[in-house]
Each structure stands twice: as structure tokens, then as C-alpha cells.
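**Student:** This is the structure I have questions about; it appears just below.
Chains as they are written, first to last, in our numbering: chain E, 1 to 419; chain G, 1001 to 1419.
This is the structure:
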């Protein structure tokens, strides 16, 4: 039977050149996050369907790769729906597994628990360029820290890592769900339609303030409320300091500590950062996941016009599962996007060992073979990468290809060494 | 809805202590294999069912986690069998994906292609102690090298890696499928029953030569053939050099170069090895997978009474799929077993950065918070791991726990520093 040589739809094989960059990034990420006290953990790629469909995953729950029941559990004749056929599925994110992990192991874990997860997730999305059905996520989370110490450390850890990977001139755009809510309350929008307001606000970078205004009116919101809402944004545009402007305007509509805390987060990060980036308060950041309860943030690469990750505070989620409220905050690097950017920029992994190639004539006698291998072993012990291969008939072509692959010197071994 | 906090049946959560060892081993393995010219690659965890059921996976094909078809492709009402419901599955090994990968990308790859794969595989085995349904495999393979240069480099790379991970006093037991076959031919066993003979021979370490003899007779093999077969093994026991004994006895029953080549492999590795282990010719090594065609080998840890990996030559497999024969040889480290041994031995990752903890009083004013974070950032830049946490009410207990977790020094930050 012929093999299907293509990877399955929407997933990809990773070539050696990309793997080298991926492995390098993984090691920088793990090392840097460890220096902030994050601990690596891993959960199975497979989760129970019940956990994956607990309504914490938003639209991702529609994209689950479901795994068929096995053995006696599979009752094909009686099955009426997908649910009857499947008991497990591939995880679509690392947050649901983290919460399960924390619930199960909290008594064995350091408190607060600072977790680093790097692992594949799967989503049966419509395949499109640069977007795959299997991709790596890279999340750090702090569970059990209620204050902005969590946000500060998460942002510093992530930005320090990005800096070490060579990124500069980027922004961390930050907002607060409670500010979004207070702006809506202040304007007089009905409480039950806050989410709708946010969905429109989220389009600000594409349709502008006029577009937001038009859409809100179109959606039937009261003109007075829309006016007031729009005035907040134009007011911020003109204000010297957006946060101070909001603090004054929203007084009474928001808990007193929200804006000072956010300001402290921004200023502390700015004062202690070790990478070239700017903290930017952006009142239009919304972020999709409904579980966020406080700070929300995104990595923006303005030169590239893209976001490379994000996160926020989700104080309600652990409690929803365990019954006991535990504060939590996380930051996710868009690992695949970072790799894509580095590949496109022709990134070269730094400090690679010297690459040497030994070319062995075919039918080398045992003593000459041993001599070659002995020499290779010695060079390896000295920290060099040594490839030992048989000499091709077209040696010139072979050496050219190896040179293109990064080999900088060659040693040739013949059955009869020239005397 | 309550979360199921247990991982799915047969799979496990990995705790930070184990992850640290795993991450360390992965980095040593990747670095050492790179020094032998192996290139990391990765394939999707999901493969098409057709590839997974191509009869190259032996019994593993019965243990596939199958993935339900999605969208319009799923026709529940018409489905009569598992096959109708599933189009993809989780890979059960890294060999089938490697062959698919090589078939697809061979024109873009270095020749011979030296691949390193570290990745999870899944098998719906009956759960048992120390054996999981998701586990990491760690394979190196050389595709396109017909001579024993492949075996020599595979064995040196694997043993050098094991040595760097602290293993010593182990053995590489090596055999040849063609020797197994020649011994059976020499004895006069019928060709079509060679596999059966091997299945019995494989039990030698458990039932001894008398047990093997009894089982062969019991299975209806001719007494004369069994006598001749048994005499080969007793002869080898008494011989000074097993290979020379076999070379003489089997002359005429085996291709002339098989034993000299095997001897050259053993002697070259012995002469150039950089770890404390012994090469042992073991004529009772069989190895299960039917795709092996030449050399077969295993890592034996006699002190622990277990095997920690193995491999062999499988010259026929690529050709079976692509139509063009390509020689191939691979060696797999039993990664999970290695980790288990290191954990049980209380292995400590060497050269870890110093771990410092900063304890911050609650409600630290902004300037003191900034001071603490600034100092932490400086220490991190100097290569230290710094954990910044809030001070608990029971500070003594907190410090004790952190000391147990490896923190060697503490710095405390108060709202009002003692003057």
C-alpha cells in the first residue's frame, strides 16, 4: 500500500532549519522564565471531553479533535451523536489543562504557583496560510497572587524573553476589563449589553472612532449614551495623560484602586524593564476570552502590524471548577508567530559549534576507519559538531552542498593515504 | 459543571521536579546528537489512518487512538465500522512518520539524512505501573547509509549521550538478523517457521537453553534440528570468541561479509567510545519489529536488569512505501525509562543558577516595590534565578518551604525599612 506522503490536512512537517530556530527559542524561553521563578510543567495532550466542553474555551470548543472511544466502551450500534462516540479530545489550549492540573496538585505546588507550559494544541480550524491545526503555545501563569505583582512579573518575564530573542521597538498594550465596564456604565449603556459594546469597541483599530459610533447607533444603542461614550475616547485623545483623564471622569463608576494599580503596573515595568519596548495604556484593547476579569494585555509589533501574544487576569476561573476562588493571571507568547518572524528575517542561531565534515572513501580498511572515527570523537569532545559521511563520486558537488549547509571545514580519509 | 481533575486514563501530569530533569535530558540529548551531525525534525502528532495501519507498526496498530471525522465528512447515520468514522489517528511511534517525512522531503534533505526526533507517541495499552498511554520517544535514524558507518555512528552517539547523562557500566548488546536466519538454516529448521524459532529464542534470558530446547520440541520442530541449534549456543558458550566460532560453523549458510562487518562495528565502537560501557555480541537478541533486516541492538543496564532502548537496520521499509530501496538504520533511547531511573536515583541537574527569593511585605508603596523589582532584574541579568513573592503571615514556614524548594538566600522588603 502506498504511503500518503503529505502531512494530514492543516498540519505541517518541520524542516531541520526551522527546528534549529525552534529549539533555540525554546531554550531561551525556558531559561529566561526560570530566572523569574517559573516552573515548567506538562499535561497530557489528551483531555476528557467533559473538561474541554466546560464553556471555558469559547469558540475553540467547536474546533475539538475528538478521539473515538475504544474497546467495549465504543457502542457503534447504539450511538446517536458524536458525544456517544467520544470520551476524550485533543486540548485546544493550555489554560483548561492548567486549571485542571492546579486543582489536582495544588497541595504539592509552590504557592503562588508560577507555571510555564510549552506544548502543542490542536484546533480543527479552516486551514489558511501560516495558521495550522497543530501549533505550539507558550504560556506563563501565576496562580494565587492577587496583586499587580503578578502582572509586573509576567510582563517583565515575557518582554525580557522577547528581548533576548532579538526583538525591540515593540509595545505592551494594556487595559483593564473593569475600565471597559466602567466606561460603559458611565455612558449609560444597559448592563446586559456590555459585551456587545466591547465587540464594537474591539474594531476601533480598523473602523476608527466614527465607525464605532456608527455601529453602536446601528445596533440600537441610545444616542445619548453613544455620544457620552465617544466623548470619553476623544477626551482621552486630547488629554495629556489618558489614565488621569479617565480617573477623573470615571470617579464613582469604578473601584478606587483599579486605575492607580494599573498605573503602578505600567510605571514599575517601565522603570525596571530590560528590553527595548514601551508600555502603552490602550482603552480599546478588549481580548476575546470571556474569562478575563481584570488587566488584559497584548504584545504589539507596530513595524509588522501584528500582535504576538497576550494575556490577562482571570480570577474567576479556578474557583468555577474547584469551588474556591483563587486569583490567576497569565501571559502567552505567540510562539509560532515569533518563529515565523525570525525565519522571515533570516535569523541565525548564535554561538553554534563549529561544523566539520569528515569524508570517508568507500571501503576504507578497518584501521583507517577507526582512525577517522577516533579523530571525530576527539573533535566532538572538544565541542565541535562532526559529521562523518562516505565520499560521493562527485566529491566537489558533495562538498558544495555541505558548505551550503554550514560545514566550514573538511577532512578526507582514503584507503591509501598519500605518502 | 465540575472539572474532572484527574488526567485521562493512563496519561500523566508532569510535576516541576520531573520537568526539570526532563528538560535537562532533552538539552543534553539534542546537543550531543547535534555534535554527531543529527538534525532535529518534527512531524505532526496526528497521522492519516491509512499510514498508521500500513502493517509497519506490528501490534501497535491495534492500540491506535483514532480521531473522529469532522463536519460533513462525519456521516454517523451511514457509519458501519470504526473505519467509517475516523480518518486520522495519533501516531504510535516515530518511525512511520519519519518514513513519510523522508518520502515527502528527500530532495530538500542532506544525504544521507541523519534525523533526530523527540516527540510524544500514544498507545491505548492497558494502563500499568510506569507505563503510560502518552510517552516520549527519542529516535535517531540514518537514512541512505548502507555500510556499518551508520551503526557505528548511531551507537557512539547514543552511548556518548548516555554517558553525559551519568550512566556507566552498561552494555550495548548487538546481533544480526542474518545471523539469526543463518543459524536456523544451518540447523535445518523450515524457512517458513524462522519467526517461530526466533520467538522461542527470544525467551533465552528467562527460560535458559534447556527451556528453549524444550519449547522448540514442544512446538513440533524436528529433534535433529533442535539438537543442532542448541549445539550452536553451547558451542558459543565454550568458544573463546563467539563470532569466530559462528563464522566457522555457519560458513556457507551466511553471506561472507555479515560477520566481519559486525566484528568491525563492535571493534571500532570499542576503540573510539567515550562512555563507560561494553559492546557485547549476543546471539539471543531478536527484537520484535518485523521490519529489521540486519544489525539489531539493545541498551542493557545489567545493574537494573532492564533494557533502556534499542534499534537496528531496516533497509526494506522506505522502499516499501516509496518504491525505491533506501538503506536505513535507527537507534531509540527509552526516554521515559531513563527519566524514571534518574528520578529514582535522586538525580540533581548540574550547574543550576543560584536561586534567590525576594519576600515583599503586602502593600509595599510604589517606590519600594520598584526598588525590589529593580534589584531582582539586576540579579537576573547577572545569571541568578530570582523569585519575587509576597511575604506570608507565617514567614518562617514560608521560608522553610522555599528552602526545601532550593532557594538558598532571601531578601526582605518592608514598607518602612528599619532605619
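We put the CB at the ideal spot given by N, CA and C, even for glycine.
(1) Grouping DSSP H, G and I as helix and E and B as strand, with all else coil, what is residue 1388 of chain G?
(2) In whole angstroms, give me the CA-to-CA distance for residue 1224 of chain G and residue 1207 of chain G.
(3) Cα separation between residue 1036 of chain G and residue 1310 of chain G?
(4) Excluding sequence positions up to five away, which residues of its chain have a Cβ less than 7 Å from the Cβ of residue 1201 of chain G?
(5) Go through its chain and collect everything with a Cβ distance to residue 290 of chain E's Cβ below 7 Å, but skip five positions before and after it.
(6) Output the boundary residues of the beta strand (DSSP E) element that contains residue 175 of chain E.
(7) With distance defined between alpha-carbon atoms, name the residue in E/280, E/312, E/365, E/196 nearest to residue 301 of chain E.
(8) Would you say residue 67 of chain E faces chain G, with C-beta separation under 9 Å as the test?
(9) Residues of the stretch 1040–1054 of chain G in Cβ contact with chain E at a cutoff of 7 Å, in chain order, please.
(10) Please name the residues in the stretch 184–200 of chain E whose beta-carbon is closer than 8 Å to at least one beta-carbon of chain G, in chain order.
(11) Between the beta-carbon of residue 163 of chain E and the beta-carbon of residue 50 of chain E, is there less than 9 Å?
(12) Determine the extent of the beta strand (DSSP E) in which residue 308 of chain E is found, giving its start and end residues.
(13) Check this for me: beta carbons of residue 117 of chain E and residue 42 of chain E, under 9 Å apart or not?
(14) Buried or exposed: where does residue 1102 of chain G fall if 16 or more other Cβ atoms within 10 Å of its Cβ makes it buried?
(15) Can you tell me whether residue 1175 of chain G is buried or exposed, with buried defined as 16 or more other CB within 10 angstroms of its CB?
(16) Could you list the residues in the stretch 221–254 of chain E with a C-beta less than 7 Å from some C-beta on chain G, going in chain order?
(17) Does the separation of the CB atoms of residue 72 of chain E and residue 1065 of chain G fall below 9 Å?
(18) Flag this pair as yes or no: are the beta carbons of residue 1368 of chain G and residue 1413 of chain G separated by less than 9 Å?
(19) Just reading off the alpha helix (DSSP H) that residue 281 of chain E is part of, what are its end residues?
(20) Do we get a CB-CB distance below 9 Å when we pair residue 383 of chain E with the residues of chain G?
(21) Answer yes if the stretch 1355–1365 of chain G comes into contact with the stretch 1375–1393 of chain G, meaning at least three C-beta pairs across the two stretches below 8 Å, and no otherwise.
(22) Would residue 1319 of chain G pass as a contact of residue 1330 of chain G if the rule is Cβ separation under 9 Å?
(23) Give the straight-line distance between the Cα atoms of residue 203 of chain E and residue 150 of chain E, rounded to the nearest whole angstrom.
(24) Measure the alpha-carbon distance for residue 188 of chain E versus residue 177 of chain E and round it to whole angstroms.
(25) Taking its Cβ as the centre, do 16 or more other Cβ atoms sit within 10 Å of residue 251 of chain E, making it buried, or is it exposed?
(26) Does the stretch 1005–1012 of chain G come into contact with the stretch 1114–1133 of chain G, if we say contact requires no fewer than three beta-carbon pairs (one atom in each stretch) closer than 8 Å?
(27) Hey, does residue 350 of chain E have any beta-carbon neighbour from chain G nearer than 9 Å?
(28) Taking 9 Å as the CB-CB cut-off, is residue 82 of chain E touching chain G?
(29) Please report the straight-line C-alpha distance between residue 333 of chain E and residue 1358 of chain G, rounded to a whole angstrom.
(30) Determine the direct distance from the alpha carbon of residue 409 of chain E to that of residue 1264 of chain G, and round the result to whole angstroms.
(31) Who are the near neighbours of residue 1383 of chain G in its chain, counting only those whose CB is closer than 6 Å to its CB and skipping five residues on each side?
(32) Only counting the same chain, and skipping five residues up and downstream in sequence, which positions put a Cβ closer than 7 Å to that of residue 1401 of chain G?
(33) Give the single residue among E/296, E/167, E/93, E/63 whose Cα lies nearest to the Cα of residue 339 of chain E.
(34) Output the distance between the C-alpha atoms of residue 146 of chain E and residue 1020 of chain G, rounded to the nearest integer angstrom.
(35) Please work out which residues of its chain come closer than 8 Å, Cβ to Cβ, to residue 234 of chain E, disregarding the five sequence neighbours upstream and downstream, and give them in chain order.
(36) CA-CA distance, residue 1170 of chain G and residue 396 of chain E?
**Tutor:** Quick answer:
(1) Start at 1 with the first residue of the second chain, and residue 1388 of chain G comes out as number 388. Residue 1388 of chain G falls in the strand class under three-state DSSP.
(2) As a first step, residue 1224 of chain G must be located in the second chain, where it is residue number 224. As a first step, residue 1207 of chain G must be located in the second chain, where it is residue number 207. Approximately 21 Å, taken between the alpha carbons.
(3) One-based indexing of the second chain puts residue 1036 of chain G at position 36. One-based indexing of the second chain puts residue 1310 of chain G at position 310. Cα-Cα distance, rounded: 18 Å.
(4) Translated into the one-based positions of the second chain, residue 1201 of chain G becomes position 201. 1212, 1284, 1286.
(5) Locating residue 290 of chain E in the first chain gives position 290, where the first residue counts as 1. Only 58 meet the Cβ criterion.
(6) Here residue 175 of chain E corresponds to residue number 175 of the first chain, with the count starting at 1. From DSSP, the beta strand (DSSP E) with residue 175 of chain E extends over 170–176.
(7) Position 301 of the first chain, counted from the start, is the residue given in the question as residue 301 of chain E. Among E/280, E/312, E/365, E/196, the Cα nearest to that of residue 301 of chain E belongs to E/280.
(8) Along the first chain, read from residue 1 onward, the residue named residue 67 of chain E stands at position 67. Closer than 9 Å to some Cβ of chain G, the Cβ of residue 67 of chain E qualifies, so yes.
(9) 1040, 1041, 1042, 1043, 1044, 1045, 1046, 1047, 1048, 1050, 1051, 1054
(10) none
(11) In the first chain, the residue the question calls residue 163 of chain E occupies position 163. In the first chain, the residue the question calls residue 50 of chain E occupies position 50. No. Outside cutoff.
(12) What you label residue 308 of chain E is simply residue 308 of the first chain in a count that begins at 1. Element bounds for residue 308 of chain E: 306–313.
(13) Within the first chain, residue 117 of chain E is the residue found at index 117, counting from 1. Within the first chain, residue 42 of chain E is the residue found at index 42, counting from 1. Going by C-beta atoms, residue 117 of chain E is nearer than 9 Å to residue 42 of chain E.
(14) Translated into positions along the second chain, residue 1102 of chain G becomes position 102. Buried, since its Cβ has 16 or more Cβ neighbours within 10 Å.
(15) Working through the second chain from its first residue, we reach residue 1175 of chain G at position 175. Buried: at least 16 other Cβ atoms inside 10 Å.
(16) none
(17) Start at 1 with the first residue of the first chain, and residue 72 of chain E comes out as number 72. Start at 1 with the first residue of the second chain, and residue 1065 of chain G comes out as number 65. Cβ distance not < 9 Å, so residue 72 of chain E and residue 1065 of chain G don't count as in contact.
(18) In the second chain, the residue the question calls residue 1368 of chain G occupies position 368. In the second chain, the residue the question calls residue 1413 of chain G occupies position 413. Result yes, Cβ atoms of residue 1368 of chain G and residue 1413 of chain G sit closer than 9 Å.
(19) As a position in the first chain, residue 281 of chain E is number 281, starting the count at 1. Looking at the DSSP string, residue 281 of chain E is not in any alpha helix (DSSP H); the run it does join, the beta strand (DSSP E), is 277–281.
(20) Here residue 383 of chain E is taken as the residue at index 383 of the first chain, counted from 1. It does; some Cβ of chain G falls within 9 Å.
(21) yes
(22) As a first step, residue 1319 of chain G is located in the second chain; it is residue number 319 there, counting from the start. As a first step, residue 1330 of chain G is located in the second chain; it is residue number 330 there, counting from the start. No.
(23) Locating residue 203 of chain E in the first chain gives position 203, counting from the first residue. Locating residue 150 of chain E in the first chain gives position 150, counting from the first residue. Cα to Cα, the separation comes out at about 29 Å.
(24) Working through the first chain from its first residue, we reach residue 188 of chain E at position 188. Working through the first chain from its first residue, we reach residue 177 of chain E at position 177. The alpha-carbon atoms of residue 188 of chain E and residue 177 of chain E are separated by roughly 17 Å.
(25) By 1-based counting over the first chain, the position of residue 251 of chain E is 251. Label assigned to residue 251 of chain E: exposed.
(26) yes
(27) By 1-based counting over the first chain, the position of residue 350 of chain E is 350. Taking Cβ atoms only, chain G never reaches closer than 9 Å to residue 350 of chain E, which makes this a no.
(28) What you label residue 82 of chain E is simply residue 82 of the first chain in a count that begins at 1. True, the Cβ-Cβ gap to chain G drops below 9 Å.
(29) Locating residue 333 of chain E in the first chain gives position 333, where the first residue counts as 1. Locating residue 1358 of chain G in the second chain gives position 358, where the first residue counts as 1. So the alpha carbons of these two residues sit roughly 26 Å apart.
(30) On the second chain, position 264 is the one that residue 1264 of chain G refers to. On the first chain, position 409 is the one that residue 409 of chain E refers to. In a straight line, the C-alpha of residue 1264 of chain G is about 27 Å away from that of residue 409 of chain E.
(31) Position 383 of the second chain, counted from the start, is the residue given in the question as residue 1383 of chain G. So the list reads 1353, once near-sequence residues are dropped.
(32) The residue labelled residue 1401 of chain G in the question sits at position 401 within the second chain. Around residue 1401 of chain G: no qualifying Cβ.
(33) Within the first chain, the letter at position 339 stands for residue 339 of chain E. If we check each option's Cα against that of residue 339 of chain E, E/167 comes out closest.
(34) Taking the first residue of the first chain as 1, we reach residue 146 of chain E at position 146. Taking the first residue of the second chain as 1, we reach residue 1020 of chain G at position 20. Approximately 27 Å, taken between the alpha carbons.
(35) The count along the first chain starts at 1 and reaches residue 234 of chain E at position 234. The answer, listed in chain order, is 209.
(36) Counting from one through the second chain, the residue named residue 1170 of chain G turns up at place 170. Counting from one through the first chain, the residue named residue 396 of chain E turns up at place 396. If you take the alpha carbons of residue 1170 of chain G and residue 396 of chain E, they lie about 42 Å apart.
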